[in-house]
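Residue numbers for the sequence shown follow the working numbering, beginning at 218 and rising by one.
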Amino acid sequence: MNDILTLLTTAMDYDFMRRAMVTGLITAVTCGLLSCWLVLIGWSLIGDALSHAVLPGVVLSYILGLPFAVGALVFALITVWLISLLRSKSTLLKEDAIIGTVFTPMLALGVVLISVTPSQTDLNHIPFGNLLGVTDQDLIQVAILSAVTVVIAYLKRRDLTVFAFDPMHARSVGISPQVIGALLLTLLAITVVAALQAVDITLVVSMLIIPGVSARLFTSWIWHMLWISPLIAMAATVLGVFVSYALDTSTGGTIVLAQALFFALAYCFAPQGLIARYRRRR
């Protein structure tokens, strides 16, 4: 036990480990909150779509000599606004079809731009950061954008919740489903772009899916989900960072595996998990 405590204490002696932990926890809170609404609405994989749709923005930023985050954010917002527009104008297409139809041409555009842009840099990997390589500037950027997202989500939490459960009821009480849906997608775009500057794509996508899914197994109340989901994401982050340090493994990958572990435990032992359902059937 003493050896483990010594190892953990030693890990936090390094600046890069402290920055990785803080950045991971900030990302966990923000993504954990958004994850609840995304899971309830059925938009779980839109984070993955956005993380690929920013590629043309990265290439254009490289060509124009702009910060990569600027182009990435512009194309992330274009993507979510196109998705929102198609959702509002079409009653025949399902959400997953609309998402796939929008993000795949964006990704293809990025690939085409890379093929015609001379560069000594691998433009495919520029927007995908490394948690252990987070700089102070990255940390500040993630903190500011995450704070903006969390504050807006908190102020609009009731509208977002009504929209998540029943868009038609939202309209009847004066909430525009198109506007609130576009707001949620915009917050998601900001979060994804900010996080991708510091952490890898796998970690961002997992944080937008697994915590909310796990929280849903504990409760049907959205207000409980909104604190259970970030707690699960934060616990997985702490566990993943320390385990990756101890075993010298990929930090992002280890955090994702920690999230999967928490999901497996929730799936088996949560109040709405496998064992509880089995007992209720007996």
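Each residue gets a CB set at the ideal place from its N, CA and C atoms; glycine is no exception.
The ligand MN heavy atom lying under 6 Å from the CB of residue i
{"i": "I295", "result": "Judged by which ligands are present, the structure shown has none, so any question about the ligand MN falls away."}
7 Å Cβ cutoff met for residue i and residue j
{"i": "L283", "j": "L324", "result": "no"}
{"i": "T244", "j": "A270", "result": "no"}
{"i": "I316", "j": "I397", "result": "no"}
{"i": "I392", "j": "V410", "result": "no"}
{"i": "I445", "j": "F480", "result": "no"}
{"i": "G288", "j": "L302", "result": "no"}
{"i": "V473", "j": "L425", "result": "no"}
{"i": "L448", "j": "A487", "result": "no"}
{"i": "A293", "j": "L255", "result": "no"}
Neighbourhood of residue i by C-beta, 7 Å cutoff - its chain only, sequence neighbours within 5 removed
{"i": "V351", "result": "R236, A237, T240 and A415"}
{"i": "T366", "result": "T247, L404, I407 and T408"}
{"i": "N347", "result": "D417"}
{"i": "C253", "result": "G429, A432, I439, M442, L443 and S446"}
Residue range of the alpha helix (DSSP H) that includes residue i
{"i": "V416", "result": "V416 -> no alpha helix (DSSP H), and no H or E assigned at all."}
{"i": "W260", "result": "Run containing W260: none; DSSP gives neither H nor E here."}
{"i": "L303", "result": "F285 to K306"}
{"i": "G469", "result": "T468 to F486"}
{"i": "Q354", "result": "D353 to L372"}
{"i": "T321", "result": "E312 to S332"}
{"i": "I392", "result": "Per DSSP, I392 belongs to no alpha helix (DSSP H) and is neither H nor E."}
{"i": "S461", "result": "I439 to L464"}
{"i": "P273", "result": "L272 to L281"}
{"i": "G429", "result": "I427 to F435"}
{"i": "L491", "result": "L491 to R498"}
Anticipated Cβ contact below 8 Å, residue i with residue j, distance rounded
{"i": "M451", "j": "L242", "result": "6 Å"}
{"i": "I258", "j": "A381", "result": "5 Å"}
{"i": "L251", "j": "L362", "result": "Going by Cβ atoms, the distance from L251 to L362 rounds to 13 Å, so no, they are not a contact pair."}
{"i": "A399", "j": "W260", "result": "Contact flag wrong, Cβ pair sits at about 12 Å."}
Exposure of residue i, with buried meaning 16 or more beta-carbon neighbours within 10 Å
{"i": "W438", "result": "exposed"}
{"i": "L471", "result": "It should be pointed out that residue 471 corresponds to Thr in this sequence rather than to Leu. Flag for T471 reads buried."}
{"i": "D376", "result": "buried"}
{"i": "A364", "result": "exposed"}
{"i": "R498", "result": "exposed"}
{"i": "L310", "result": "exposed"}
{"i": "Y371", "result": "exposed"}
{"i": "Q354", "result": "exposed"}
{"i": "Y495", "result": "exposed"}
{"i": "Y231", "result": "exposed"}
Sequence-distant residues of the same chain with beta carbon closer than 6 Å to residue i, five excluded per side
{"i": "Q476", "result": "S423, I427 and A453"}
{"i": "M234", "result": "A228"}
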